[in-house]
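Have a look at the structure below before the remarks.
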Amino acid sequence: MDPAAVLELEGIHVRGRGQPRLEGVSLRLRAGERVALLGPSGAGKSTLLAVANGLIAPDRGSLRWQGQERARRPRARRRQQRRIGTLWQDLRLIEELSVQQNLNAGRLAHWGWPRALLNLLLPLESDACAATLRRLDLDPALLDQPVSALSGGQRQRVALGRLLRQEPMLLLADEPLASLDPRLAGELLALLLAEGRAPRALLLSLHRPDLLAGFDRVVGLRTGRVQFDLPVGAVNPGLLAALYAGEAP
Amino acid sequence: MSAGVARADGGRPPGSRIAVAAPLWVLLPALVLVPLALLLPGLSHGGGWSLVGQFALAALRPSLDPLVLSSALRGLGVTVGMALLGWALSLVLGLMLGALSSRLVWRQCSGRLWPAELIRRLLALPRSIHELLWGLILLQLVGLQPAVAVLAIAIPFGALVARVVSDQLDALPTGSLEALRSGGVAAPAALLTALGPPLLPQVLSYGGYRLECALRSATLLGVFGLGGLGTELRLTLQSLLFNELWTGLWLLLAAMLLLERLVGWLRRRWTMPARLSLSPQAPAPNRHAAVNGNTSGVGRGGRELVLAVALLVPVLVAVAWNLEVDPRSLLRWQPLPPLPPADWGAVAALPWPTLVANTLSLTLLAAALAVGVAPLLLLLVRPWPLGRAAVQGLWALGRLWPPPLIALLLLFVLQPGVVTGALALALHNLGVLGRLLLESAEHRGETTEQALLSAGSGPRLALLYGRFSALARPYLAYGAYRGDVILRESVVVGLVGATGLGSQLLEALSSFAVDELAALMVVYAALTLLGEDLSDRLRRRLLAG
Chain R
283 MDPAAVLELE
293 GIHVRGRGQP
303 RLEGVSLRLR
313 AGERVALLGP
323 SGAGKSTLLA
333 VANGLIAPDR
343 GSLRWQGQER
353 ARRPRARRRQ
363 QRRIGTLWQD
373 LRLIEELSVQ
383 QNLNAGRLAH
393 WGWPRALLNL
403 LLPLESDACA
413 ATLRRLDLDP
423 ALLDQPVSAL
433 SGGQRQRVAL
443 GRLLRQEPML
453 LLADEPLASL
463 DPRLAGELLA
473 LLLAEGRAPR
483 ALLLSLHRPD
493 LLAGFDRVVG
503 LRTGRVQFDL
513 PVGAVNPGLL
523 AALYAGEAP
Chain S
774 MSAGVARADG
784 GRPPGSRIAV
794 AAPLWVLLPA
804 LVLVPLALLL
814 PGLSHGGGWS
824 LVGQFALAAL
834 RPSLDPLVLS
844 SALRGLGVTV
854 GMALLGWALS
864 LVLGLMLGAL
874 SSRLVWRQCS
884 GRLWPAELIR
894 RLLALPRSIH
904 ELLWGLILLQ
914 LVGLQPAVAV
924 LAIAIPFGAL
934 VARVVSDQLD
944 ALPTGSLEAL
954 RSGGVAAPAA
964 LLTALGPPLL
974 PQVLSYGGYR
984 LECALRSATL
994 LGVFGLGGLG
1004 TELRLTLQSL
1014 LFNELWTGLW
1024 LLLAAMLLLE
1034 RLVGWLRRRW
1044 TMPARLSLSP
1054 QAPAPNRHAA
1064 VNGNTSGVGR
1074 GGRELVLAVA
1084 LLVPVLVAVA
1094 WNLEVDPRSL
1104 LRWQPLPPLP
1114 PADWGAVAAL
1124 PWPTLVANTL
1134 SLTLLAAALA
1144 VGVAPLLLLL
1154 VRPWPLGRAA
1164 VQGLWALGRL
1174 WPPPLIALLL
1184 LFVLQPGVVT
1194 GALALALHNL
1204 GVLGRLLLES
1214 AEHRGETTEQ
1224 ALLSAGSGPR
1234 LALLYGRFSA
1244 LARPYLAYGA
1254 YRGDVILRES
1264 VVVGLVGATG
1274 LGSQLLEALS
1284 SFAVDELAAL
1294 MVVYAALTLL
1304 GEDLSDRLRR
1314 RLLAG
């Protein structure tokens, strides 16, 4: 066990229809490491992230968050999951709620019923929410707006804000840049890389090998297996071509 | 990060505005439980708790006596047969009348709109009168015939289907229709070609739902003596033969669940829209999505559909033959007893304000209970799969059990009156709403809930924030429609007494007080039409967001 490891996966195996979705995947993220996960569609990137955030229990293999085994009891596991923040490709914002209520949804795991209910009547923790928005270069006046009224770029940031409100140790992001124009993608990536610094760690799945610059390591995944796990400088066009052989990158 | 509550001081501190957010909307109607809890102790008479206990225990020991079983099976056959025939007739009627009351059809065929409006208005009357009243009136006129129940179901259901069909027709995009017309195609052919395919999945989905309603209605009509299993259920309940009662109930439950499964399976197989998007005023994007989503399975679904209809016709003929449904019998009116001269003074002296107020409070109480308790229960049992199964079982029994029988059962422990009637209607409609909520919760907000769960939220909070947010508007819109149904249904709990117009109507019917009956029907119909209009407005507002 590595005391600085935020996430440790060993021999992770997830069954699928026909062929396994993940087959013997091992991966370690230490505090401060920012890792890009590359691979063609269907390689198992989303499954790997779902294992990493606890949504999927692996059929075999071991998973440790900050040195702790994945708890079997739901309540204990929820306590572990509090410290894992995921940015989803489709954002999964709650369209019917305000920006502030959405940001506070990141605190739900820490709150009991009274606060969760009160937040639906009178949104709580305005100062903290405003600070989060400022940190993401958004105007705090947006707090009262329904998220459905925001632009695409603002929504991305609110989703990131909800994740930051969680105060996570491990940041996961599932193809967050896929549907963004180059400028927005660049801005969001810069924010994610900045937030992924120590003591946190960042694991981000990508579809585009041209955006690897700010990462520390790159993991290539193909048909559920790790093809390579290398420092970003060691990733060359030949490796990428082999990773995407027969597929459009 | 600091954890301070919003500042309420000067300027406009963001987030300091109090507003009830969407997820709470679905729970607000459940607040009615508070006054109810205060009222109930005063209403209970406590005498019949042992009877209720016996009734509940008998569920585990239904009578397996061959005589009882065969009689229950025969009853079930009659009920299902009446439901099938009434439903099929209502679909045929509804499609024809729906096309006839569509503005679009009239505009294309004759350029005039007023006939559509006129037919639409005329159809409001059969729609506003509950099938039970149609059944009892027909019963007085032509005597006890299997055809009475069939027609009693077909008349109001046909008018309801007609309304949905014409609303759907008038809301369909007309681009392809105009293209055909400008190419010189005659109106009927153009209408059929351009609007038939997008209309079909909506009609099929609604038709499937109506079949489930028809089974419930046929059971209910039986409770009032029109034959089938309902009659047996009432007789066994009133003679306290609970084991025999449960034989019929379990059979009915099996038939109902089978039918619901079949309809749900066909709905998925033929990729029809789910029911929650099928309010007549569903927002346009939903409707288009549903219509477009259908294109994938049209060929296969189309062939299967033709086959299904071809198979259904001989089945219907066989059922009608077996039940001895004879349409000619409807023309042979039986002599009515000599009617006393109308006494309008006595009719005017009825306590109208109380009757109307009681009917309205019964409706509101039942609607609030049914709409509010379903999500509350779902939230409470969320973490436990067993609890969820138990709640689903409770809902299935509620749907199955006709409200007047629930009312009779409640009379063992409660005094007759508005609250008892409302509770009976609420339990029944809770079953309907709860199932719908579960079904739609499977399709909406799933990913958001997952996102919250993966961040460590508890299952209840994830359900509340994740799914109820997305469900609030469509669910409450359906709840508004249900309120309208409950108002129409309030007549069926009239037999527990003092429940407003319903009980007065049943009394007038059984005492041949034609003048009183006519006046009550007019007021009742007016009230239902008003209720329908209000619920439509509410629904449109909710869905427009």
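Just so you know, the protein sequences line up as chains R and S, in that order.
Take any residue in the first sequence, count from 1 to its spot, add 282: that is its number in the numbering used here.
Take any residue in the second sequence, count from 1 to its spot, add 773: that is its number in the numbering used here.
In this text, a Cβ means the ideal position worked out from N, Cα and C, and glycines have one as well.
Computed from a predicted model, the values in this text were never measured in an experiment.
Proximity of the segment 414-421 of chain R to the segment 1252-1259 of chain S falls short of the contact definition, fewer than three beta-carbon pairs being nearer than 8 angstroms.
The segment 300-387 of chain R is shown to contain whole beta strand (DSSP E) runs of 3 or more residues at 304-312, 316-320, 342-347 and 366-369, in chain order.
The count of Cβ pairs closer than 8 angstroms, one atom from the segment 992-1006 of chain S and one from the segment 1014-1032 of chain S, reaches three, so the stretches are in contact.
Taking the Cα of L1030 (chain S) as reference, the smallest distance to any Cα among S:R876, S:L824, S:A1169 and S:W1117 is reached at S:A1169.
In this structure, DSSP gives Q427 (chain R) a state outside helix and strand, which the three-state scheme calls coil. Residue state for S1134 (chain S) is assigned as helix, using DSSP reduced to three classes. For P1113 (chain S), the number of other beta carbons within 10 angstroms of its own is below 16, and it is reported as exposed. Interface annotation for the segment 328-339 of chain R against chain S: A332, N335, G336 and L337, criterion Cβ-Cβ distance under 9 angstroms. Under the DSSP definition of a beta bridge, S817 (chain S) partners with S:L1187. Taken through DSSP and simplified to helix, strand or coil, F510 (chain R) comes out as strand. Annotation: D456 (chain R) is outside any alpha helix (DSSP H); the continuous beta strand (DSSP E) that includes it extends over L452 to D456.
Below 8 angstroms, too few C-beta pairs join the segment 1165-1182 of chain S and the segment 1115-1125 of chain S to call them touching: fewer than three. In the structure shown, the three-state DSSP call for R482 (chain R) is coil. For the pair of segments examined, the segment 1091-1102 of chain S was found not to touch the segment 1223-1238 of chain S: the number of CB pairs separated by less than 8 angstroms stays below three. Sequence-distant partners of G1207 (chain S) (beyond 5 residues in either direction) whose C-beta falls short of 6 angstroms from its own C-beta, in its chain, are A1147 and W1168.
Interface with chain R (8 angstroms Cβ-Cβ cutoff): A1143 (chain S) is excluded. Nearest to G1304 (chain S) by C-alpha distance, out of S:R880, S:T1136, S:E1017 and S:A1292, is S:T1136. Assignment of S836 (chain S) by DSSP, reduced to helix, strand and coil, places it in the coil class. When CB distances to chain S are screened at a threshold of 9 angstroms, the residues of the segment 359-377 of chain R falling below it are R359, R360, R361, Q362, Q363, R364, R365, I366, G367, T368, W370, D372, L373, R374, L375, I376 and E377, in chain order. Cβ-Cβ distances below 7 angstroms link Q1188 (chain S) to L816 and H818 in the same chain, with the five nearest sequence neighbours on each side left out; the list follows chain order.
Between L442 (chain R) and W347 (chain R), the C-beta spacing is not below 8 angstroms.
Under the criterion of beta carbons closer than 8 angstroms, Q438 (chain R) and L373 (chain R) qualify as touching, at roughly 7 angstroms. Nearest CB-CB separation between Q383 (chain R) and chain S: below the 8 angstroms threshold. For G1275 (chain S), the CB contacts under 6 angstroms within the same chain, skipping 5 residues up- and downstream, are S1263, V1264 and G1267 in chain order. With the rule of 3 Cβ pairs closer than 8 angstroms, the segment 318-338 of chain R counts as touching the segment 299-307 of chain R.
Straight-line spacing of the CA atoms in S949 (chain S) and R1310 (chain S) works out to 30 angstroms. By the C-beta density criterion, D940 (chain S) is buried, having at least 16 other C-beta atoms within 10 angstroms. In this structure, G496 (chain R) lies near L471 (chain R), with their beta-carbon atoms less than 8 angstroms apart.
About 13 angstroms separates the CB atoms of G931 (chain S) and L858 (chain S); that is not less than 8 angstroms, and the two are not in contact.
Neighbours of Y1238 (chain S) in chain R, taken as residues whose beta carbon is under 7 angstroms from its own, are I376, A387 and L390 in chain order.
Residue-level contact by beta carbon holds for L379 (chain R) and chain S, with a gap shorter than 8 angstroms.
Contact with chain S is absent for A483 (chain R), since none of that chain's Cβ atoms lies less than 8 angstroms from the residue's Cβ.
If you ignore the 5 residues before and after V805 (chain S), its C-beta comes within less than 8 angstroms of the C-beta of L1138, A1141, L1142 and G1145, all in its own chain and listed in chain order. DSSP, read as helix, strand or coil, puts V958 (chain S) in coil. Here I1179 (chain S) carries a helix assignment [DSSP, helix/strand/coil]. Under the Cβ distance rule, A287 (chain R) does not count among the residues neighbouring chain S, no pair being separated by less than 8 angstroms.
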